[in-house]
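**Q**
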Ligand code: F3S
């Protein structure tokens, strides 16, 4: 990388140990990716918060940064932790897990990161910096990255938690990948033939993610308008099953016109068509390990937003949960404060449990008594068996309500 005089001085330690350490992380990354310089960032979003997924190594890393006096320069928000930070005891988390998790939270707070514990920073204005088209960001958390790039038109690579934190401390990120327009052009055309329901958006993302790993997909044929919740699910599934940082939808996403550049440059590698029925038939190939008779249904991956709460409320239509079943919704405190109390109370009166700060993937489900779960999220169904070693079925919300309710 070619550094400015000031960046060189930071690297040499003239502005202190913490800044030098963070700059070394970013320069190593930039050199690896052949970035020529840095771009200033509007915000950072940091994953790697759960003690379940990051363990002792994260506590050691954050303790070292804190000892060096590290403080964030750019606004920075935090991904979900491994438990509801207020109700963990009642839910059944072990004390040893909770004390380690609280130590991680305390260390991030000392460094100046906002305790949002949200994976939807694009949807939670409280304590999160609003983002706009063209903003450069340094975000980890793949669902947030793909939403910011695709739906907002902001620019971020799929950072790791450490590089996002280093960028928050320096206020800049290496200029490569998604920060440059040419890398955002579509390389794959997918024509959708037929009307998609919310569950199909999950299956579409999972199928394209699994089959075409890192291509930049351009979807045509999707009916307008599309609700934000469906765009969240499409992106989360694409990024979970593949390495996708961005997608485009004709007539919907702000950079879909880049298809013209792709066609001029001859970089569209493949064109295919897919129908909703074909997607349903592929489900068992994409998710081969369904849970046998699930008794706990987990919703909110990515964490529930306002429209998802409203949809659940509408679908429940006053029905109550069966005594032997549970439905758990994961969201965050800021989002919950924005909800219409009628909707929140209606959902909870049906027997649905609502937890904040965490999710079904970064929580140690096996340590709090879960053994057979089902979800409506392709991303959650992909990760739960890997993270908690229990089977997870994938099914539409309507089926979940029919199985769980009287
Ligand atoms: Fe969010 Fe957890 Fe899913 S962090 S995207 S709810 S895996």
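Residue numbers (this note's numbering): 10 to 415.
Ideal Cβ positions, reconstructed from N, Cα and C, are used throughout, including at glycine.
The structure displayed is predicted, hence computed values, not measured ones.
(1) Does the Cβ of residue 110 lie closer than 7 Å to at least one heavy atom of the ligand F3S?
(2) To the nearest whole angstrom, what separates the beta carbons of residue 146 and residue 167, a pair I think is in contact under 8 Å?
(3) Determine the contact status of residue 359 and residue 406, defining contact as a CB-CB distance below 8 Å.
(4) On the DSSP bridge list, what partners appear for residue 379?
(5) Which class does residue 257 belong to by DSSP, given the choice of helix, strand or coil?
(6) Please identify the residue among 32, 273 and 291 whose C-alpha is closest to the C-alpha of residue 183.
(7) With respect to the alpha helix (DSSP H) encompassing residue 328, which residues constitute its N-terminal and C-terminal limits?
(8) Is residue 364 helix, strand or coil when you go by DSSP?
(9) Nearest-angstrom Cα distance between residue 236 and residue 205?
(10) Could you check where the beta strand (DSSP E) with residue 279 kicks off and where it finishes?
(11) Just the Cα atoms here: how many angstroms apart are residue 401 and residue 315?
(12) Can you list, in chain order, the residues of its chain whose CB lies under 7 Å from that of residue 130, leaving out five sequence neighbours each side?
(13) Is residue 150 near the ligand F3S, going by C-beta to nearest heavy atom under 7 Å?
(14) Quick check on this structure: which residue in 27, 102, 36 and 37 has the alpha carbon closest to the alpha carbon of residue 374?
(15) Below 7 Å, is the gap between the Cβ of residue 246 and the nearest heavy atom of the ligand F3S?
(16) Only counting the same chain, and skipping five residues up and downstream in sequence, which positions put a Cβ closer than 6 Å to that of residue 386?
(17) Residue 231 lies in the beta strand (DSSP E); which residues open and close that run?
(18) Cα-Cα, which of 181, 15 and 408 is closest to residue 304?
(19) In three-state DSSP terms, what is residue 225?
(20) Quick check: the stretch 224-232 against the stretch 240-255, are there 3 or more CB pairs under 8 Å?
(21) With DSSP run on the structure shown, which of helix, strand or coil describes residue 320?
**A** Short version:
(1) Because no heavy atom of the ligand F3S lies under 7 Å away, the Cβ of residue 110 does not count as near it: no.
(2) The C-beta distance from residue 146 to residue 167 rounds to 11 Å, too long to fall under 8 Å, and the pair is not in contact.
(3) Judged by their CB atoms, residue 359 and residue 406 are not nearer to each other than the 8 Å cut-off.
(4) In DSSP, residue 379 forms no bridge with anything.
(5) Residue 257 sits in a strand when the DSSP states are folded into three classes.
(6) When only C-alpha atoms are compared, the closest one is 32.
(7) Neither: residue 328 is in no alpha helix (DSSP H) and is coded neither H nor E.
(8) Secondary structure at residue 364: strand, using DSSP grouped into helix, strand and coil.
(9) Separation of residue 236 and residue 205 (C-alpha to C-alpha, rounded to the nearest whole angstrom) is 12 Å.
(10) 279-283 is the extent of the beta strand (DSSP E) around residue 279.
(11) So the two alpha carbons sit approximately 25 Å from each other.
(12) Taken in chain order, the residues that qualify are 54, 86, 137 and 153.
(13) True, at least one ligand heavy atom lies under 7 Å from that Cβ.
(14) Residue 374 has its Cα closest to that of 102, out of 27, 102, 36 and 37.
(15) Relative to the non-hydrogen atoms of the ligand F3S, the Cβ of residue 246 never comes closer than 7 Å to any of them.
(16) So the qualifying residues of the chain are 310.
(17) Unbroken run through residue 231: none, as it is neither H nor E.
(18) For the options 181, 15 and 408, the alpha carbon positioned closest to that of residue 304 is the one of 408.
(19) Three-state DSSP puts residue 225 in coil, outside helix and strand.
(20) Enough Cβ pairs lie closer than 8 Å, so yes.
(21) When secondary structure is reduced to three states using DSSP, residue 320 falls in the helix class.
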